[in-house]
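So the sequences go chain by chain: A and B.
1462 is the number that our numbering gives to position 320 of the first sequence; each next residue is one higher, with no gaps.
245 is the number that our numbering gives to position 238 of the second sequence; each next residue is one higher, with no gaps.
The C-beta atom is built at its ideal place from N, Cα and C for all residues, glycine as well.
A short write-up of the structure that comes next.
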Amino acid sequence: MLNRRDMFKLFGVTTAAACMPRLAFAAAETDARFVLVVLRGAVDGLALAAPYADPDYERVRGELAIPRPGKAGGLLALDGLFGLHPSLAGLYERYRKNEALVVHATASPYRERSHFDGQDILENGAASVGALRDGWLNRALAPIAGDTELAIALAQNTPLVLRGDQSVTSWAPSRLPDADDSTIARLQRLYADDEFFAKRLEQALNSQQIAGGMGSMADTRPRGNEAQQFGELMRSAARFLTAPDGPRIGVLELGGWDTHANQGNTSGALANRFEALDNGIAYLREGLGTTWDDTVVAVVTEFGRTVHVNGTRGTDHGTATAAVLVGGAVNGGRVISDWPGLARKNLLAGRDLMPTTDVRSVFKAVLQEHLELPAGFVERTVFPDSSSAPALEYLVTV
Amino acid sequence: MSMKKAVIAANRFGLGARPGDLERAARNPEAWLLDQLSGPSRLPAEIRALPDSASVLVEVRDVRRNQRQMKKDGDDPAPDIVEKYGRVMRRHYLDQTAARYRTAARSDTPFHERLVHFWSNHFAVSADKQPMPAIAGLYENEAIRPNVSGKFADLLLAVEKHPAMIVYLDNQRSIGPNSTLGKRANRRRKDQQFGLNENLAREILELHTLGVDGGYTQQDVTTFAQVITGWSIGGANDRGRFADGDPGRFEFRDIIHEPGARTVLGRKYAQSGVGQGEAVLRDLAVHPSTARFLCSKLARHFVSDEPPAILIDTLTESYLRSGGDLAAVYETLLGDDEAWSTTRAKYKTPHDFVISTLRAFDHVPERPQFIVGALDLMGQTPYRPGSPAGWPDTAQQWGGADALYKRIEWSNTVARVVGSRVNPVQLGDAVLGSSFNPKTRKAVSRAESLTQGITLFLASPDFQRR
């Protein structure tokens, strides 16, 4: 059977959403779910997936080097070159089931070292800082938007990647009693003249309705530290993404990756963060049930960290890092990398892992193969100025 | 007209009107604000009662050292010691947070207080890194509060030399590879090299002074990091290293300072010791990029999310002409018509919303948990922005649907607490005066209960914007 992607190829579709009959993209038509997890603070890609067989790995990493696969506390072998961090055992299991892949030596087009600008570019999808003021995932919604919000930020405030013209919603747990219906109805009237407030209240009420179906009040209270809360948010994300008229796309964030000092190797601060991420992915999968088979989760960060260890047993802001795709719809079980190597002559500016894959190539592939958006639209509208970053292929099972 | 201006003075430039504020401001709104610039004649009692950061740092260090010692002796630290650390941190955090919000709730110099919060956020430290919860408020009172209306250079130096900033951005760990200690240590231990940590240097350039587009390079960052090696804290750390200096206070440690002349932003600094870093900071303070960056932030904070370019130009000019005199910049801002435009352009942050609510009710909460809980819920936990960039300052970032719903829920909770004791229409008149939108006023007056009326007023666009 001809799928939509083939159809676009056949018709040589190059125009944006405007020409597409909206019906063809009605939310109900696609079962695809997409979850974007933004790790803020710059994740050390050489710890996430360590190139243990690179001849320079142990030398450059010194005390931060993680033992080889098979040794105590050692890496989980992905292939003959890379091993996953031992705290990512759940993710490793998915990898073994061909449901996860790692893209290595990847970076956004950003080449400076500011977290905030780096995150800006990761999220706005532009080729330079400040070039676009809305997020790429918001722009991507145009052809598939329906009457209800298709995307949700599992956060009180919407991160840049989801901000823009398309209406999206957000939700985070609360521990206050709800305002009663009469008060809400009066507020709706009071807000009627003020679009900023009116729109947000309406979105919030829709989310409340879905969250309300989640069970007792206690279920929606935030608990524990940030890592535990991330796990709970991933559980909630699963509920939203499986609700009959709920959103199909979710965005979450997790901070704490800026490991300038005492980053640790097999155990330590960074290992604990990986564990939180790993648990979160497991909760999401558990909550999605069979919907997991239609799901792609992308885990990305703004940039990587220095190849060498700094003076305080940590790493400083770098460039290339690793990204992860996981989910039942991922064509996984492999590491995608044009590995630049860790020898000094191969490093960017003598200090950073050289980027060889533009992270937009990963995003584009997900949008085209998984959300089935037309390539021309993705190229022109979602990621303008990205011709140097062609979409990767076959990242998603068809 | 001056009533309209009084409303703006109290709500946009102050922290929200308390009953009576509008009358006080109405006589001469501009003068009412400018007279506040030197702060209150006497520091509020809660702030005076706080310990100084040096003594808290020593206290925290000693608890940690105790833990470490027990570990060394082969025991896991006893649970009561671990618990003690948490308890000590929490007590200091709550005391300082209480002092901040209680002061804000009843301040007679709310413009000055807003400036303290503004600069504290510009020079943010965050309580998600230890031991910041125990000293973030002290840092605000010691480094920021006395300097918000003077020369920016003095504020900058006070901040970068404060132990909180040094520890927050790791500078006490940064060691010049060619310093006395660096050379010695690196000769002895091949496996673990000591070296630079660029964190503080980078954030000074990117966030505190020039701004990310301010025209510096990676080389400038590295060189500047070398310049400020040795900017550290006195007294032994929790591992017992570095005994000299006044415990918990700024200490320049020549033994880890990278020696030699350095060139930063094309200018050569031949000084030795602490004077080299001070000279760089003084030049950064009056750099045109710094002027523009700071003035843009001020305009965004006080006027609108997208301030007019001409206003930023005017402020920048005033900044440079006065050699970075902040009082002169504030005066220029208050002299500009843009500052007094009648549209409520700024969507309050949760911090603004909570403080202005307290002030509207003229209420000073007994328990700091009430404040921390509310702000945590609305996504702005006190002293915990999560990064050295501080909290964002535009509606884009605070305007999530869920975030608005949380404000409504909290308004409802507050309304239940104060309930039948306050008339919401009178409340609105006292806070918003003539700018209380008739439609909102009507909706509030027709509420089915005083409690509901208060919820509607607090959640109304009128009160949610300043």
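Cutoff 7 Å: residue i Cβ touching any chain E Cβ
i: I211(B); result: This model lacks chain E altogether; the protein chains it does include are A and B.
Bounding residues of the alpha helix (DSSP H) (the contiguous stretch that carries residue i)
i: K413(B); result: 408-425
i: L29(B); result: 28-33
i: I1294(A); result: Note, I1294(A): premise wrong, no alpha helix (DSSP H); beta strand (DSSP E) at 1293-1295.
i: G1232(A); result: 1231-1238
i: F368(B); result: That residue, F368(B), is in no alpha helix (DSSP H); it is neither H nor E in DSSP.
i: E285(B); result: 281-292
i: L1537(A); result: Run containing L1537(A): none; DSSP gives neither H nor E here.
i: I1263(A); result: 1257-1266
i: D436(B); result: 431-439
i: D1323(A); result: 1323-1333
i: M1376(A); result: 1368-1384
i: N1280(A); result: 1278-1281
i: S452(B); result: 445-452
i: V1202(A); result: 1199-1203
Which of helix, strand or coil DSSP assigns to residue i
i: L1218(A); result: strand
i: P375(B); result: helix
i: K275(B); result: strand
i: D320(B); result: helix
i: V1508(A); result: helix
i: A1170(A); result: Because A1170(A) carries a pLDDT of 42, less than 50, the predicted location of this residue cannot be relied on, and no value is offered for it.
i: T401(B); result: coil
i: T458(B); result: helix
i: A16(B); result: helix
i: I1208(A); result: coil
i: R1305(A); result: coil
i: V1185(A); result: coil
i: S9(B); result: helix
i: S361(B); result: For the record, residue 361(B) in the displayed sequence is Val; it is not Ser. Helix, per DSSP.
i: L1513(A); result: coil
i: K1341(A); result: helix
i: N244(B); result: coil
i: M77(B); result: helix
i: S1409(A); result: coil
i: D383(B); result: helix
DSSP bridge partner residues for residue i (one or two, in chain order)
i: S239(B); result: E258(B)
i: Y354(B); result: R472(B)
i: L1226(A); result: A1191(A), L1218(A)
i: R1499(A); result: The displayed chain sequence assigns Thr, not Arg, to residue 1499(A). T1248(A).
i: T270(B); result: K275(B)
i: D312(B); result: DSSP lists no partner for D312(B).
i: T1311(A); result: I1294(A)
i: D1400(A); result: According to DSSP, which records beta bridges pairwise, D1400(A) is partnered with nothing at all.
i: D1494(A); result: T1448(A), L1490(A)
i: D332(B); result: K158(B)
Where the beta strand (DSSP E) through residue i begins and ends
i: T1541(A); result: Nothing can be reported for residue 1541(A): it is not among the residues displayed for chain A, which extend from 1143 to 1540.
i: I1391(A); result: 1391-1396
i: L1178(A); result: 1175-1181
Cβ-heavy atom distance, residue i to the ligand PLP, below 6 Å
i: G21(B); result: Ligands are entirely absent from the displayed structure, and the ligand PLP is therefore not among its contents.
Does the region 1457-1464 of chain A come close enough to the region 1417-1425 of chain A that 3 or more CB-CB pairs lie under 8 Å? As far as the Cβ criterion goes, the region 1417-1425 of chain A does not touch the region 1457-1464 of chain A, which means the pair count is below three.
- [ ] Determine, using beta-carbon pairs with one atom in the region 179-197 of chain B and one in the region 157-168 of chain B, whether at least three such pairs fall under 8 Å.
- [x] Contact between the region 179-197 of chain B and the region 157-168 of chain B is absent, because fewer than three Cβ pairs lie under 8 Å.
- Task: Entirely within the region 139-200 of chain B and at least 4 residues each: give me those alpha helix (DSSP H) ranges in chain order.
- Result: When DSSP assignments are scanned along the region 139-200 of chain B, the uninterrupted stretches of alpha helix (DSSP H) that are 4 or more residues long and fall wholly within it turn out to be 139-146, 159-167, 170-175, 187-195.
Within the chosen definition, does the region 300-308 of chain B reach the region 318-338 of chain B through at least 3 CB pairs nearer than 8 Å? Yes, the region 300-308 of chain B touches the region 318-338 of chain B.
_Runs of 3 residues minimum, wholly inside the region 1411-1492 of chain A: which ones carry the beta strand (DSSP E) assignment?_
Runs of the beta strand (DSSP E) lying entirely within the region 1411-1492 of chain A and spanning at least 3 residues, in chain order: 1437-1443, 1463-1468, 1476-1478.
Is the region 22-30 of chain B touching the region 219-233 of chain B, taking contact as three or more C-beta pairs under 8 Å?
-> Too few Cβ pairs lie closer than 8 Å, so no.
### Task
Count the CB pairs spanning the region 1252-1259 of chain A and the region 1284-1295 of chain A that are closer than 8 Å, and state whether there are at least three.
No, they do not touch.
Beta strand (DSSP E) segments (min. 3 residues) lying fully within the region 199-225 of chain B
Taken in chain order, the region 199-225 of chain B contains no complete beta strand (DSSP E) segment of 3 residues or longer.
Review point. Taking the runs of the alpha helix (DSSP H) that are 4 residues or longer, which of them lie wholly in the region 90-149 of chain B?
Key: Correct list: 117-129, 139-146.
Report the residue ranges of all alpha helix (DSSP H) runs contained in full by the region 32-74 of chain B; include only those spanning at least 4 residues, in chain order.
Taken in chain order, the whole alpha helix (DSSP H) runs of length 4 or more contained in the region 32-74 of chain B are 36-41, 52-55.
_Does the structure place the region 425-439 of chain B close enough to the region 385-397 of chain B that three or more beta carbon pairs sit under 8 Å?_
The region 385-397 of chain B is not in contact with the region 425-439 of chain B.
TODO: Check whether the region 197-217 of chain B touches the region 173-180 of chain B, taking contact to mean three or more Cβ pairs, one atom from each stretch, closer than 8 Å.
DONE: In the pairwise beta carbon analysis, the region 197-217 of chain B is classified as touching the region 173-180 of chain B: at least three pairs are separated by under 8 Å.
Closer than 8 Å is the cut-off here; do at least three beta carbon pairs connect the region 385-392 of chain B with the region 128-144 of chain B?
Yes, since at least three Cβ pairs between the region 385-392 of chain B and the region 128-144 of chain B fall closer than 8 Å, the two stretches touch.
Are the region 409-424 of chain B and the region 230-249 of chain B touching, with three or more C-beta to C-beta distances below 8 Å? Judged by pairs of C-beta atoms under 8 Å, the region 409-424 of chain B does not touch the region 230-249 of chain B, as fewer than three such pairs exist.
- Query: If we count Cβ pairs, one from each stretch, closer than 8 Å, do we get three or more for the region 1231-1245 of chain A versus the region 1472-1482 of chain A?
  - Reply: Result yes; three or more Cβ-Cβ pairs closer than 8 Å.
Segment contact flag, the region 1327-1339 of chain A with the region 1295-1309 of chain A, C-beta cutoff 8 Å, min 3 pairs: With the cut-off at 8 Å, the region 1327-1339 of chain A and the region 1295-1309 of chain A do not touch.
Is the number of C-beta pairs between the region 443-450 of chain B and the region 324-331 of chain B that are closer than 8 Å three or more?
Too few Cβ pairs lie closer than 8 Å, so no.
| task | Answer yes if the region 242-262 of chain B comes into contact with the region 48-66 of chain B, meaning at least three C-beta pairs across the two stretches below 8 Å, and no otherwise. | result | Between the region 48-66 of chain B and the region 242-262 of chain B, the count of C-beta pairs closer than 8 Å reaches three or more; the two stretches touch.
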